[in-house]
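Residue 99 in numbering that gives the first Met the number 0 is what sits at position 100 of the sequence shown, and the numbering runs on without skipping anything. Heads up, the beta-carbon is just placed ideally off N, CA and C, and yes, glycines get one too. On a predicted model such as this, the values are computed, not experimentally measured, just so you know. The next block holds one structure in the form of structure tokens; read it before the comments.
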Amino acid sequence: MLAEHYLPILLFLIVATGIGVALLVLGWLLGPRRPDGEKLSPYECGFEAFEDARMQFDVRYYLVAILFIVFDLEIAFLFPWAVTFRDLGMPAIIAMGAFLGLLVIGFLYEWKKGALEWE
């Protein structure tokens, strides 16, 4: 019967959901509740989040964040390639060399333009 094959997956999902909910409830019950101004302040956005929508803001934060995401995603392509590295052969090594070369060129360009500097 087909349901027999899906029973372990269903049990895994039930156990994983139960553990996740239990840990959230334990954290909520046992965790300290001492809010102060610093804990309640906005973070990682570079400016107060709930002010005038027409205010000027520093674009450097967003530029660094976008560059991090771009380079991080490009590096993520290395993991599947590294796992099957021996089976792919020389064309894959050449392709990955070209990919990494473009990545390095892009990084050097951003570095030279000063996009990675924070003053």
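task = Taking only the alpha-carbon atoms, compute the straight-line gap between L101 and V58 and give it to the nearest angstrom.
result = Position 102 of the sequence shown holds residue 101. Position 59 of the sequence shown holds residue 58. Rounded to whole angstroms, L101 to V58 spans 25 Å at the Cα level.
Alpha carbon of W110 to alpha carbon of G17, nearest angstrom = Start at 1 with the first residue of the sequence shown, and residue 110 comes out as number 111. Start at 1 with the first residue of the sequence shown, and residue 17 comes out as number 18. Distance between the alpha carbons of W110 and G17 is about 47 Å.
request  = Along the alpha helix (DSSP H) that carries A114, what are the first and last residues, could you check?
outcome  = The sequence position of residue 114 within the sequence shown is 115, counting from 1. Premise fails: A114 is in no alpha helix (DSSP H) and is neither H nor E.
request  = Taking P7 as part of the alpha helix (DSSP H), name the residues at either end of that continuous run.
outcome  = In the sequence shown, residue 7 corresponds to position 8, counting from 1. Unbroken alpha helix (DSSP H) run through P7: L1 to L29.
query = Three or more beta-carbon pairs under 8 Å between the stretch 93–108 and the stretch 67–78, yes or no?
reply = Yes, since at least three Cβ pairs between the stretch 93–108 and the stretch 67–78 fall closer than 8 Å, the two stretches touch.
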